[in-house]
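Q: First residue of the sequence shown? That's 1 in the UniProt record's numbering, and the numbers climb one at a time after it. Positions of the beta carbon are idealized from the N, C-alpha and C atoms, including for glycine.
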Amino acid sequence: MPFASVETAIADFRAGKFVIIVDAADRENEGDLAIAAEFVTPAAITFMAREGCGLICVAMTGERLDELQLPLMVPPTNNTNHFGTAFTVSVEARYGVTTGISAFDRATTIRTLIDPATRPEDLVRPGHVFPLRARDGGVLVRPGQTEASLDLARLAGLYPAAVICEIMNPDGTMARLPDLERFATRHGLTLLSIADLIAYRRRIEQVEPMIVTA
Numbered sequence: 001m002p003f004a005s006v007e008t009a010i011a012d013f014r015a016g017k018f019v020i021i022v023d024a025a026d027r028e029n030e031g032d033l034a035i036a037a038e039f040v041t042p043a044a045i046t047f048m049a050r051e052g053c054g055l056i057c058v059a060m061t062g063e064r065l066d067e068l069q070l071p072l073m074v075p076p077t078n079n080t081n082h083f084g085t086a087f088t089v090s091v092e093a094r095y096g097v098t099t100g101i102s103a104f105d106r107a108t109t110i111r112t113l114i115d116p117a118t119r120p121e122d123l124v125r126p127g128h129v130f131p132l133r134a135r136d137g138g139v140l141v142r143p144g145q146t147e148a149s150l151d152l153a154r155l156a157g158l159y160p161a162a163v164i165c166e167i168m169n170p171d172g173t174m175a176r177l178p179d180l181e182r183f184a185t186r187h188g189l190t191l192l193s194i195a196d197l198i199a200y201r202r203r204i205e206q207v208e209p210m211i212v213t214a
């Protein structure tokens, strides 16, 4: 099963479908389930938890995270993660949830995060939802699933936030491309290469190649 065109992935994202975003083989070499945050439902969270089996996170802009006063879990100067993954403190909606971990509660928290009316006091810290701070410039600056999912949301004309979850095999190992192809076929999902998304953005934005970071 080949990678889909970026245009197909954008259309699927705009329609509220999952897209599997795959990074380079010499990077994490992983695939993430991704869905636009505005389309998240308890059923979508359940699918990610049962079928993806990875950590469910919300990719968001730095501007929105600053508005919500959600600081990074680790300051950039102390971030020793090989790929510089920018987790903020974890959160929970203050209202409309119980323990926070159910699919219903996590969907509520995600909807709360992207609601323009939400203020910092409407969130509890820590919680069961893990925001990720996307780099300004998207995949042209950092070729990761965080930035790719946010780029997809923007290109689809949606709210700039996405819910992502790594895909694991049933035996607990990480799903690599052949596994991801089977997963995509089984669930009728689109596979998108971050490399293709980078090329697409450079083409439509007429951006010169730049040095990217992990």
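From Asp151 to Ala162, what distance separates their C-alpha atoms?
A: Working through the sequence shown from its first residue, we reach residue 151 at position 151. Working through the sequence shown from its first residue, we reach residue 162 at position 162. Roughly 9 Å between the two C-alpha positions.
Q: Which value, in whole angstroms, describes the spacing of the CA atoms of Arg106 and Thr99?
A: Sequence index remark: in the sequence shown, residue 106 carries index 106 (1-based). Sequence index remark: in the sequence shown, residue 99 carries index 99 (1-based). The alpha-carbon atoms of Arg106 and Thr99 are separated by roughly 10 Å.
Q: Roughly how far, in whole angstroms, is the beta-carbon of Ala120 from the beta-carbon of Gln69, given that I think they are within contact range, below 8 Å?
A: Along the sequence shown, one-based indexing puts residue 120 at 120. Along the sequence shown, one-based indexing puts residue 69 at 69. Note on identity: in this sequence residue 120 is Pro, with Ala being the wrong assignment. With a Cβ gap of about 4 Å, Pro120 and Gln69 count as contacting.
Q: Which whole-angstrom value describes the C-beta separation of Ala34 and Ser149, a residue pair presumed to lie in contact below a C-beta threshold of 8 Å?
A: On the sequence shown, position 34 is the one that residue 34 refers to. On the sequence shown, position 149 is the one that residue 149 refers to. Contact holds; Cβ gap of about 4 Å.
Q: Just confirm the distance between the C-beta atoms of Leu192 and Ala4, as a whole number of angstroms; I'd bet it's less than 8 Å.
A: Counted from its first residue, the sequence shown places residue 192 at position 192. Counted from its first residue, the sequence shown places residue 4 at position 4. Contact flag correct, Cβ pair sits at about 6 Å.
Q: Apart from the five residues on each side of it in sequence, which residues of its chain come closer than 8 Å, Cβ to Cβ, to Ala184?
A: For the purposes of this step, residue 184 is taken as residue 184 along the sequence shown, with counting starting at 1. Closer than 8 Å at the Cβ level, and outside the excluded window around Ala184, lie Met1, Ile20, Thr190, Leu191.
Q: If you draw a straight line from the C-alpha of Glu126 to the C-alpha of Val139, how long is it?
A: Residue 126 sits at position 126 when you count from the first residue of the sequence shown. Residue 139 sits at position 139 when you count from the first residue of the sequence shown. A quick correction: the sequence has Pro, not Glu, at residue 126. Cα to Cα, Pro126 sits roughly 29 Å from Val139.
Q: Under a three-way DSSP split, which group does Ser149 fall into?
A: Counting from 1 along the sequence shown, the entry for residue 149 is found at position 149. Helix.
Q: My output table needs one value for Glu63: the three-state DSSP class, helix, strand or coil.
A: Counting from one through the sequence shown, the residue named residue 63 turns up at place 63. The answer is helix: DSSP assigns Glu63 an H, G or I state.
Q: Please report the Cβ distance between Arg135 and Val141, rounded to the nearest whole angstrom; I am assuming they are in contact, meaning their Cβ atoms lie under 8 Å.
A: Along the sequence shown, one-based indexing puts residue 135 at 135. Along the sequence shown, one-based indexing puts residue 141 at 141. Indeed, because the Cβ distance is near 5 Å, the residues count as touching under 8 Å.
Q: With distances taken from CA atoms, which of Asn79, Arg201, Ile164 is nearest Glu30?
A: Position 30 of the sequence shown, counting from 1, holds the residue named residue 30. Measuring from the Cα of Glu30, the nearest candidate turns out to be Ile164.
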